[in-house]
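*Asks:*
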Amino acid sequence: MTMTPRLRKFALTAHVTSSVGWLGAVATFLALAVAGLTSQDAQIVRAAYLAMELTGWYVIVPLCLASLLTGLVQSLGTTWGLFRHYWVMTKFLITIISALILFGFTQTLGHLGDLAADTTLSIDELRNLGQSPVLHSGGGLLALLVNTTLSVYKPQGMTRYGRRKQHEQRKGSQP
Amino acid sequence: MANPPPYPDSNSDTGDDTRVRPDRGSTTSTPRWVKVFGIIAIVLVLLFVILHLSGGGLGGHTPPIERGVEQP
Numbered sequence: 036m037t038m039t040p041r042l043r044k045f046a047l048t049a050h051v052t053s054s055v056g057w058l059g060a061v062a063t064f065l066a067l068a069v070a071g072l073t074s075q076d077a078q079i080v081r082a083a084y085l086a087m088e089l090t091g092w093y094v095i096v097p098l099c100l101a102s103l104l105t106g107l108v109q110s111l112g113t114t115w116g117l118f119r120h121y122w123v124m125t126k127f128l129i130t131i132i133s134a135l136i137l138f139g140f141t142q143t144l145g146h147l148g149d150l151a152a153d154t155t156l157s158i159d160e161l162r163n164l165g166q167s168p169v170l171h172s173g174g175g176l177l178a179l180l181v182n183t184t185l186s187v188y189k190p191q192g193m194t195r196y197g198r199r200k201q202h203e204q205r206k207g208s209q210p
Numbered sequence: 002m003a004n005p006p007p008y009p010d011s012n013s014d015t016g017d018d019t020r021v022r023p024d025r026g027s028t029t030s031t032p033r034w035v036k037v038f039g040i041i042a043i044v045l046v047l048l049f050v051i052l053h054l055s056g057g058g059l060g061g062h063t064p065p066i067e068r069g070v071e072q073p
């Protein structure tokens with residue numbers, strides 16, 4: 036299935052927007068997580084955790100799903116394919132792993148919001164909760180930067196499946 | 002706009018205005034960057050497993066707060 040050029044542009048715009056948006060949202064989340072881990076002000080720590088919960092649920096998770104979905108449309112609807120080029124396949128794997136880790140991490144997000152609202156917790160107890168978000172968002176940011184780099188540079192290399200498909204296509208186009 | 006080429010690697014039109022050099026990477030072996038990525042992925046997975054097995058974890062998914070325990 037190959038999309039028309041107009042539809043392809045639209046799908047590409049949607050994919051770039053959601054993917055870069057996801058990257059930016061994770062960078063914001065990391066800044067909040069660092070503030071939650073290092074701030075000496077309990078109000079700032081609580082506010083950071085509440086903002087992280089909202090950002091996670093209403094920005095990062097939807098953008099992650101949108102990026103994955105539009106990426107699938109973009110690859111399967113064009114001649115790039117999903118398993119023909121190593122860089123596309125690598126991006127797909129990184130996105131799937133990142134999404135799985137993110138969905139596992141949503142449990143922590145819920146806990147963070149609940150505990151941030153608990154006024155009986157001391158600032159030290161609150162700050163100790165901040166290690167996991169910093170590590171997860173830091174790792175996520177790195178993975179998304181790798182994905183962005185792969186998208187721009189498109190490093191060479193076709194998979195065995197891609198080469199076979201290319202061979203079939205060339206054979207079919209010869210008179 | 003012209004129709005997309007049969008294969009992006011065989012033509013410089015990638016369909017997204019980011020040009021790719023034509024007919025590059027036509028070798029049949031796995032590119033070096035894929036091998037490097039594979040090695041990094043294996044190292045990261047091993048690191049993740051070792052950290053979790055050793056109990057250090059990556060900060061844990063569940064906050065280590067025990068609620069409902071009365072202090073003396």
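Respectively, the protein sequence lines represent chains A and B. According to this note's numbering, the first sequence holds residues 36 to 210 in order. According to this note's numbering, the second sequence holds residues 2 to 73 in order. Virtual Cβ for every residue (Gly too), placed ideally from N, Cα, C.
Touch check for the region 52-68 of chain A and the region 92-111 of chain A: three-plus C-beta pairs under 8 Å?
*Replies:* The region 52-68 of chain A is in contact with the region 92-111 of chain A.
*Asks:* Return the residues of the region 119-134 of chain A that lie within a Cβ-Cβ distance of less than 7 Å from chain B, sorted by chain order.
*Replies:* Per Cβ criterion, the list reads Tyr121, Thr125.
*Asks:* Would you say glycine 192 of chain A lies against chain B (beta-carbon separation less than 7 Å)?
*Replies:* As a first step, residue 192 of chain A is located in the first sequence; it is residue number 157 there, counting from the start. Yes, glycine 192 of chain A counts as interfacial toward chain B.
*Asks:* What is the rounded straight-line gap between the Cα of tyrosine 188 of chain A and the Cα of glycine 39 of chain B?
*Replies:* Along the first sequence, read from residue 1 onward, the residue named residue 188 of chain A stands at position 153. Along the second sequence, read from residue 1 onward, the residue named residue 39 of chain B stands at position 38. Each residue's Cα considered, the two are about 18 Å apart.
*Asks:* Could you confirm whether any beta carbon from chain A is found closer than 7 Å to the beta carbon of valine 35 of chain B?
*Replies:* Taking the first residue of the second sequence as 1, we reach residue 35 of chain B at position 34. Yes, contact with chain A.
*Asks:* Does the beta-carbon of glycine 145 of chain A have 16 or more other beta-carbons within 10 angstroms, so that it is buried, or is it exposed?
*Replies:* Along the first sequence, one-based indexing puts residue 145 of chain A at 110. Per the 10 Å Cβ criterion, exposed.
*Asks:* Can you pull the chain B neighbours of arginine 198 of chain A, defined as C-beta to C-beta under 8 Å?
*Replies:* Locating residue 198 of chain A in the first sequence gives position 163, counting from the first residue. Neighbours of arginine 198 of chain A on chain B, chain order: Thr29.
*Asks:* What's the C-alpha gap between proline 23 of chain B and tryptophan 115 of chain A?
*Replies:* Taking the first residue of the second sequence as 1, we reach residue 23 of chain B at position 22. Taking the first residue of the first sequence as 1, we reach residue 115 of chain A at position 80. Residue placement at proline 23 of chain B is poorly supported in this model, since its pLDDT is 40, which falls under 50; the coordinates are not used for a value here.
*Asks:* With hydrogens ignored, establish whether the beta-carbon of isoleucine 129 of chain A is closer than 6 Å to any heavy atom of the ligand SAH.
*Replies:* Inclusion of the ligand SAH in the displayed structure is not the case, the ligand content being empty and no account of it being possible.
*Asks:* Do serine 110 of chain A and leucine 100 of chain A have their C-beta atoms within less than 7 Å of each other?
*Replies:* By one-based count along the first sequence, residue 110 of chain A stands at place 75. By one-based count along the first sequence, residue 100 of chain A stands at place 65. Cβ distance not < 7 Å, so serine 110 of chain A and leucine 100 of chain A don't count as in contact.
*Asks:* Which residues in the same chain have their Cβ closer than 8 Å to the Cβ of isoleucine 132 of chain A, if we skip the five residues on either side of it in sequence?
*Replies:* For the purposes of this step, residue 132 of chain A is taken as residue 97 along the first sequence, with counting starting at 1. If we look at isoleucine 132 of chain A and ignore the five residues flanking it on each side, its Cβ neighbours are Ala178.
*Asks:* To the nearest angstrom, how far is it from the Cα of methionine 173 of chain A to the Cα of glutamine 78 of chain A?
*Replies:* On the first sequence, residue 173 of chain A is found 138 positions in, with the first residue counted as 1. On the first sequence, residue 78 of chain A is found 43 positions in, with the first residue counted as 1. A small correction: the amino acid at residue 173 of chain A is glycine; methionine does not occupy that position in the sequence shown. Between glycine 173 of chain A and glutamine 78 of chain A, the C-alpha separation is close to 23 Å.
*Asks:* For methionine 193 of chain A, which residues does DSSP report across the bridge?
*Replies:* Counting from one through the first sequence, the residue named residue 193 of chain A turns up at place 158. The partner list for methionine 193 of chain A (beta bridge, DSSP) reads A:His120.
*Asks:* Among A:Val69, A:His171, A:Ser167, which one has its Cα closest to the Cα of alanine 134 of chain A?
*Replies:* For the purposes of this step, residue 134 of chain A is taken as the residue at position 99 of the first sequence. Checking every option, the nearest Cα to that of alanine 134 of chain A belongs to A:His171.
*Asks:* Can you tell me the Cα-Cα spacing of methionine 124 of chain A and arginine 198 of chain A, whole angstroms?
*Replies:* The count along the first sequence starts at 1 and reaches residue 124 of chain A at position 89. The count along the first sequence starts at 1 and reaches residue 198 of chain A at position 163. C-alpha separation (whole angstroms): 14 Å.
*Asks:* Using CA atoms only, rank isn't needed, just tell me which of A:Ala46, A:Thr73, A:Arg81, A:Gly71 is closest to aspartate 149 of chain A.
*Replies:* For the purposes of this step, residue 149 of chain A is taken as the residue at position 114 of the first sequence. Comparing Cα positions, the closest option is A:Arg81.
*Asks:* Let me check understanding here. Comparing Cα to Cα, which of A:Trp122, A:Leu185, A:Glu160 lies closest to threonine 35 of chain A?
*Replies:* Past the boundaries of the shown model lies residue 35 of chain A; chain A is included only from 36 to 210, so the question cannot be answered.
*Asks:* Apply the 10 Å Cβ neighbour rule to serine 208 of chain A and answer buried if 16 or more other Cβ atoms are within range, or exposed otherwise.
*Replies:* Counted from its first residue, the first sequence places residue 208 of chain A at position 173. Exposed, since its Cβ has fewer than 16 Cβ neighbours within 10 Å.
*Asks:* Leaving out the 5 sequence neighbours to the left and right, which residues in its chain are closer than 8 Å to leucine 42 of chain A when beta-carbon positions are compared?
*Replies:* Start at 1 with the first residue of the first sequence, and residue 42 of chain A comes out as number 7. Hits under 8 Å: Gly112.
*Asks:* On the CB-based measure, 16 or more other CB atoms within 10 Å of its CB, does valine 169 of chain A come out buried or exposed?
*Replies:* Counted from its first residue, the first sequence places residue 169 of chain A at position 134. With 16 or more other Cβ atoms within 10 Å, it is buried.
*Asks:* Considering just the uninterrupted stretch of the alpha helix (DSSP H) at aspartate 159 of chain A, what are its terminal residues?
*Replies:* By one-based count along the first sequence, residue 159 of chain A stands at place 124. Here the alpha helix (DSSP H) through aspartate 159 of chain A covers 158-163.
*Asks:* Beta-carbon separation of glycine 71 of chain A and glycine 165 of chain A under 7 Å?
*Replies:* Along the first sequence, one-based indexing puts residue 71 of chain A at 36. Along the first sequence, one-based indexing puts residue 165 of chain A at 130. A contact, by the Cβ cut-off of 7 Å.
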